[in-house]
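Enquirer: If you scroll down you'll find the structure; I have some questions about it.
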Amino acid sequence: MSGVIRFRQGLRAVTAYVRAAPGTYVWLLILFVTTVALHRMSPDFEEDFLRQRSTNIHELSDNPVRVLFASAMWIPSGRWLPYAALYSLFHAQAERWLGTLRWIVVCVAAHVLASLISEGALLWAIGRGVVPASAVDTLDVGVSYALAGTAAVLTYRIRRPWRYPYAAAVLFFFGVPLLAGRTFTDLGHFTAALIGLGCRPLAKGAGKARNPKETPTPTRR
(Lines of atoms letter the chains of each structure in order from A and count residues from 1; the text may use other names and numbers.)
(Lines give C-alpha, C1' and ligand atoms only; values in the text may rest on other atoms or scores of the structure.)
Protein backbone atom coordinates (compact mmCIF):
# COMPACT_ATOMS: atom_id res chain seq x y z
CA MET A 1 0.00 0.00 0.00
CA SER A 2 2.85 2.38 0.84
CA GLY A 3 4.28 1.75 -2.62
CA VAL A 4 1.02 2.88 -4.21
CA ILE A 5 1.03 6.02 -2.08
CA ARG A 6 4.61 6.83 -3.06
CA PHE A 7 3.74 6.25 -6.72
CA ARG A 8 0.79 8.65 -6.49
CA GLN A 9 2.92 11.25 -4.72
CA GLY A 10 5.59 10.93 -7.39
CA LEU A 11 3.00 11.20 -10.14
CA ARG A 12 1.55 14.35 -8.57
CA ALA A 13 5.02 15.87 -8.27
CA VAL A 14 5.79 15.15 -11.94
CA THR A 15 2.42 16.53 -13.02
CA ALA A 16 2.97 19.72 -11.01
CA TYR A 17 6.46 20.12 -12.49
CA VAL A 18 5.13 19.80 -16.05
CA ARG A 19 2.19 22.14 -15.44
CA ALA A 20 4.57 24.81 -14.11
CA ALA A 21 6.48 24.82 -17.43
CA PRO A 22 3.80 24.54 -20.12
CA GLY A 23 5.86 26.08 -22.92
CA THR A 24 8.70 23.64 -22.39
CA TYR A 25 6.53 20.56 -22.59
CA VAL A 26 4.38 21.77 -25.47
CA TRP A 27 7.62 22.33 -27.40
CA LEU A 28 8.81 18.86 -26.40
CA LEU A 29 5.52 17.37 -27.61
CA ILE A 30 5.96 19.08 -30.98
CA LEU A 31 9.52 17.76 -31.19
CA PHE A 32 8.27 14.25 -30.39
CA VAL A 33 5.77 14.42 -33.28
CA THR A 34 8.35 15.80 -35.72
CA THR A 35 10.92 13.22 -34.63
CA VAL A 36 8.46 10.40 -35.29
CA ALA A 37 7.80 11.96 -38.70
CA LEU A 38 11.55 12.01 -39.47
CA HIS A 39 11.87 8.31 -38.68
CA ARG A 40 9.25 7.60 -41.35
CA MET A 41 11.17 9.46 -44.07
CA SER A 42 13.75 7.99 -46.41
CA PRO A 43 17.29 9.35 -45.83
CA ASP A 44 17.35 11.30 -49.11
CA PHE A 45 13.92 12.82 -48.58
CA GLU A 46 14.75 13.65 -44.96
CA GLU A 47 17.88 15.58 -45.93
CA ASP A 48 16.05 17.60 -48.58
CA PHE A 49 13.10 18.16 -46.25
CA LEU A 50 15.30 19.48 -43.43
CA ARG A 51 17.39 21.60 -45.78
CA GLN A 52 14.24 23.52 -46.75
CA ARG A 53 13.72 24.29 -43.06
CA SER A 54 17.34 25.11 -42.39
CA THR A 55 18.66 28.49 -41.26
CA ASN A 56 21.34 28.38 -43.93
CA ILE A 57 22.30 31.41 -46.00
CA HIS A 58 20.14 30.40 -48.95
CA GLU A 59 16.94 29.87 -46.96
CA LEU A 60 17.53 32.90 -44.72
CA SER A 61 17.82 35.04 -47.84
CA ASP A 62 14.51 33.77 -49.25
CA ASN A 63 12.27 33.47 -46.18
CA PRO A 64 14.04 34.24 -42.90
CA VAL A 65 10.98 34.28 -40.61
CA ARG A 66 9.71 30.91 -41.83
CA VAL A 67 13.00 29.06 -41.48
CA LEU A 68 13.94 30.65 -38.15
CA PHE A 69 10.68 29.29 -36.73
CA ALA A 70 10.66 25.97 -38.59
CA SER A 71 14.28 25.12 -37.79
CA ALA A 72 13.47 25.07 -34.07
CA MET A 73 10.85 22.36 -34.51
CA TRP A 74 13.11 19.53 -35.68
CA ILE A 75 15.88 17.41 -34.18
CA PRO A 76 18.13 16.27 -37.03
CA SER A 77 19.67 13.44 -34.99
CA GLY A 78 16.25 11.83 -34.55
CA ARG A 79 16.99 11.25 -30.84
CA TRP A 80 14.22 12.73 -28.72
CA LEU A 81 14.85 11.26 -25.26
CA PRO A 82 18.15 13.10 -24.58
CA TYR A 83 16.40 16.36 -25.39
CA ALA A 84 13.51 15.46 -23.09
CA ALA A 85 16.03 15.19 -20.25
CA LEU A 86 17.84 18.42 -21.22
CA TYR A 87 14.57 20.33 -21.58
CA SER A 88 13.46 19.19 -18.14
CA LEU A 89 16.82 20.15 -16.65
CA PHE A 90 17.28 23.56 -18.26
CA HIS A 91 14.20 24.86 -20.10
CA ALA A 92 11.68 23.77 -17.48
CA GLN A 93 13.75 25.28 -14.68
CA ALA A 94 14.14 28.55 -16.56
CA GLU A 95 10.45 28.76 -17.45
CA ARG A 96 9.36 28.03 -13.88
CA TRP A 97 11.72 30.72 -12.63
CA LEU A 98 11.36 33.45 -15.28
CA GLY A 99 7.79 32.79 -16.31
CA THR A 100 6.75 31.62 -19.75
CA LEU A 101 6.93 34.98 -21.53
CA ARG A 102 10.43 35.93 -20.39
CA TRP A 103 11.66 32.38 -20.99
CA ILE A 104 10.36 32.60 -24.58
CA VAL A 105 12.23 35.91 -25.02
CA VAL A 106 15.49 34.22 -23.97
CA CYS A 107 14.89 31.27 -26.31
CA VAL A 108 14.00 33.45 -29.29
CA ALA A 109 16.91 35.83 -28.71
CA ALA A 110 19.43 32.98 -28.44
CA HIS A 111 18.04 31.02 -31.39
CA VAL A 112 17.57 33.94 -33.79
CA LEU A 113 20.66 36.01 -32.99
CA ALA A 114 23.01 33.02 -32.80
CA SER A 115 21.67 31.73 -36.14
CA LEU A 116 22.13 35.11 -37.83
CA ILE A 117 25.59 35.71 -36.37
CA SER A 118 26.90 32.23 -37.19
CA GLU A 119 25.51 32.32 -40.72
CA GLY A 120 26.89 35.83 -41.15
CA ALA A 121 30.33 34.52 -40.19
CA LEU A 122 29.89 31.68 -42.68
CA LEU A 123 28.96 34.17 -45.42
CA TRP A 124 32.09 36.16 -44.59
CA ALA A 125 34.19 32.98 -44.88
CA ILE A 126 32.60 32.13 -48.23
CA GLY A 127 33.35 35.62 -49.54
CA ARG A 128 37.02 35.19 -48.68
CA GLY A 129 37.29 31.71 -50.13
CA VAL A 130 37.88 30.04 -46.78
CA VAL A 131 34.95 27.68 -47.34
CA PRO A 132 33.30 26.64 -50.62
CA ALA A 133 30.31 28.53 -52.03
CA SER A 134 28.18 25.38 -51.62
CA ALA A 135 28.12 26.12 -47.88
CA VAL A 136 25.19 28.49 -48.51
CA ASP A 137 23.02 25.35 -48.45
CA THR A 138 24.50 23.89 -45.28
CA LEU A 139 22.01 21.93 -43.16
CA ASP A 140 21.39 23.88 -39.96
CA VAL A 141 18.29 22.93 -37.97
CA GLY A 142 17.79 22.15 -34.32
CA VAL A 143 17.11 23.51 -30.88
CA SER A 144 20.58 23.68 -29.40
CA TYR A 145 21.08 27.46 -29.66
CA ALA A 146 17.98 28.12 -27.54
CA LEU A 147 19.13 25.42 -25.12
CA ALA A 148 22.57 27.04 -24.80
CA GLY A 149 21.02 30.44 -24.12
CA THR A 150 18.69 29.03 -21.50
CA ALA A 151 21.47 27.12 -19.76
CA ALA A 152 23.45 30.36 -19.59
CA VAL A 153 20.64 32.56 -18.24
CA LEU A 154 20.18 30.10 -15.36
CA THR A 155 23.44 31.56 -14.04
CA TYR A 156 21.33 34.25 -12.39
CA ARG A 157 19.13 31.64 -10.72
CA ILE A 158 22.15 30.64 -8.60
CA ARG A 159 23.26 32.69 -5.62
CA ARG A 160 26.73 34.19 -5.45
CA PRO A 161 29.46 32.93 -5.30
CA TRP A 162 28.16 29.68 -6.80
CA ARG A 163 26.98 31.36 -9.98
CA TYR A 164 30.52 32.17 -11.09
CA PRO A 165 31.73 28.55 -11.37
CA TYR A 166 28.47 27.69 -13.13
CA ALA A 167 28.92 30.50 -15.68
CA ALA A 168 32.54 29.47 -16.20
CA ALA A 169 31.46 25.86 -16.78
CA VAL A 170 28.88 26.95 -19.38
CA LEU A 171 31.41 29.10 -21.24
CA PHE A 172 34.01 26.33 -21.04
CA PHE A 173 31.54 23.75 -22.38
CA PHE A 174 30.69 25.85 -25.42
CA GLY A 175 34.05 27.61 -25.77
CA VAL A 176 36.32 24.57 -26.08
CA PRO A 177 34.59 23.22 -29.23
CA LEU A 178 34.82 26.70 -30.76
CA LEU A 179 38.57 26.87 -30.15
CA ALA A 180 39.10 23.29 -31.34
CA GLY A 181 36.76 23.05 -34.33
CA ARG A 182 35.93 26.65 -35.23
CA THR A 183 32.83 25.65 -37.18
CA PHE A 184 29.89 28.00 -37.66
CA THR A 185 27.74 25.86 -35.33
CA ASP A 186 30.42 26.04 -32.61
CA LEU A 187 30.33 29.82 -33.01
CA GLY A 188 26.53 29.71 -32.82
CA HIS A 189 26.52 27.76 -29.56
CA PHE A 190 29.08 30.03 -27.89
CA THR A 191 27.24 33.12 -29.14
CA ALA A 192 23.94 31.75 -27.80
CA ALA A 193 25.54 31.23 -24.38
CA LEU A 194 26.77 34.84 -24.38
CA ILE A 195 23.29 36.01 -25.35
CA GLY A 196 21.84 34.04 -22.44
CA LEU A 197 24.28 35.71 -20.08
CA GLY A 198 23.27 39.04 -21.61
CA CYS A 199 19.64 38.42 -20.65
CA ARG A 200 20.31 39.33 -17.04
CA PRO A 201 17.72 42.18 -17.06
CA LEU A 202 15.02 39.54 -17.60
CA ALA A 203 16.06 37.85 -14.37
CA LYS A 204 15.24 40.90 -12.25
CA GLY A 205 12.17 40.24 -10.16
CA ALA A 206 11.98 36.65 -11.37
CA GLY A 207 12.59 35.19 -7.95
CA LYS A 208 15.23 34.91 -5.30
CA ALA A 209 18.54 33.38 -6.38
CA ARG A 210 19.00 29.93 -4.88
CA ASN A 211 21.91 28.41 -3.02
CA PRO A 212 22.71 25.05 -4.70
CA LYS A 213 23.28 23.53 -1.23
CA GLU A 214 19.72 24.31 -0.19
CA THR A 215 16.77 22.04 -0.87
CA PRO A 216 14.55 23.83 -3.40
CA THR A 217 11.10 24.85 -2.24
CA PRO A 218 8.31 23.42 -4.41
CA THR A 219 6.83 25.94 -6.82
CA ARG A 220 3.13 26.69 -6.27
CA ARG A 221 0.97 27.82 -9.16
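Residues in the sequence shown are numbered consecutively from 3, following this note's numbering.
Just so you know, even glycine gets a beta-carbon here, dropped at the ideal spot from N, CA and C.
Cutting at 8 Å between CB atoms, please list the residues of its own chain near A153, excluding the five before and the five after it.
Expert: As a first step, residue 153 is located in the sequence shown; it is residue number 151 there, counting from the start. The residues are F92, V172, A195, G198.
Enquirer: Check each candidate in A22, P78, T185 and name the one with the smallest Cα separation from L103.
Expert: Stepping through the sequence shown from its first residue, residue 103 is reached at position 101. The option with the nearest alpha carbon to L103 is A22.
Enquirer: Is I160 helix, strand or coil when you go by DSSP?
Expert: In the sequence shown, counting from the first residue as 1, residue 160 sits at position 158. Strand at I160.
Enquirer: Check for me: the alpha helix (DSSP H) holding V110 runs from which residue to which?
Expert: For the purposes of this step, residue 110 is identified with residue 108 of the sequence shown, where counting begins at 1. Here the alpha helix (DSSP H) through V110 covers 102-129.
Enquirer: Near P74, what residues of its chain come up, given a Cβ to Cβ distance below 7 Å and the 5 sequence neighbours on each side ignored?
Expert: As a first step, residue 74 is located in the sequence shown; it is residue number 72 there, counting from the start. Contrary to the premise, residue 74 reads as Ala rather than Pro in this sequence. Only H113, V145, A148 meet the Cβ criterion.
Enquirer: CB-CB under 6 Å to G151, same chain, minus the five flanking residues each way: which ones, in chain order?
Expert: Counting from 1 along the sequence shown, the entry for residue 151 is found at position 149. Around G151: V108, A112, A194, I197, G198.
Enquirer: Using the three-state DSSP reduction, which class does G200 fall into: helix, strand or coil?
Expert: Locating residue 200 in the sequence shown gives position 198, counting from the first residue. Looking at G200 - three-state DSSP - the assignment turns out to be coil, as it is neither helix nor strand.
Enquirer: Just tell me which of F175, I59, W99, S90 has its CA closest to the CA of A123.
Expert: Walking along the sequence shown from the start, residue 123 turns up at place 121. Here the closest residue by C-alpha is I59.
Enquirer: Helix, strand or coil for L141? Go by DSSP, reduced to three states.
Expert: For this step, residue 141 is matched to residue 139 along the sequence shown. It is coil, neither helix nor strand.
Enquirer: Is it buried or exposed for T140, if we count other Cβ within 10 angstroms and need 16 for buried?
Expert: What you label residue 140 is simply residue 138 of the sequence shown in a count that begins at 1. It is buried - the Cβ of T140 has at least 16 other Cβ atoms within 10 Å.
Enquirer: Between the Cα of F51 and those of A72, V35, L62, S63, spot the shortest distance and give me the residue it belongs to.
Expert: Taking the first residue of the sequence shown as 1, we reach residue 51 at position 49. The shortest Cα separation from F51 among A72, V35, L62, S63 belongs to A72.
Enquirer: At what residues does the alpha helix (DSSP H) containing S146 begin and finish?
Expert: Numbered from 1 along the sequence shown, position 144 holds the residue referred to as residue 146. First-last of the alpha helix (DSSP H) with S146: 146-155.
Enquirer: Beta-carbon within less than 7 Å of G226's beta-carbon, same chain only, minus the 5 sequence neighbours each way: which residues are those?
Expert: Nothing in the structure corresponds to residue 226, since the chain is present only between 3 and 223.
Enquirer: With 16 other CB atoms within 10 Å as the buried threshold, where does G190 fall?
Expert: Translated into the one-based positions of the sequence shown, residue 190 becomes position 188. Buried: at least 16 other Cβ atoms inside 10 Å.
Enquirer: Please report the residue range of the alpha helix (DSSP H) in which G62 lies.
Expert: Within the sequence shown, the letter at position 60 stands for residue 62. Reading off the sequence, residue 62 comes out as Leu, not Gly. Start and end: 59-64.
Enquirer: I need the boundaries of the alpha helix (DSSP H) containing A39, first residue and last residue.
Expert: On the sequence shown, residue 39 is found 37 positions in, with the first residue counted as 1. Its alpha helix (DSSP H) spans residues 24-41.
Enquirer: In its own chain, which residues sit with a C-beta less than 7 Å from the C-beta of A86, not counting the 5 before and 5 after it?
Expert: Taking the sequence shown and counting its residues from 1, one reaches residue 86 at position 84. Within the same chain, A86 has close Cβ partners L30.
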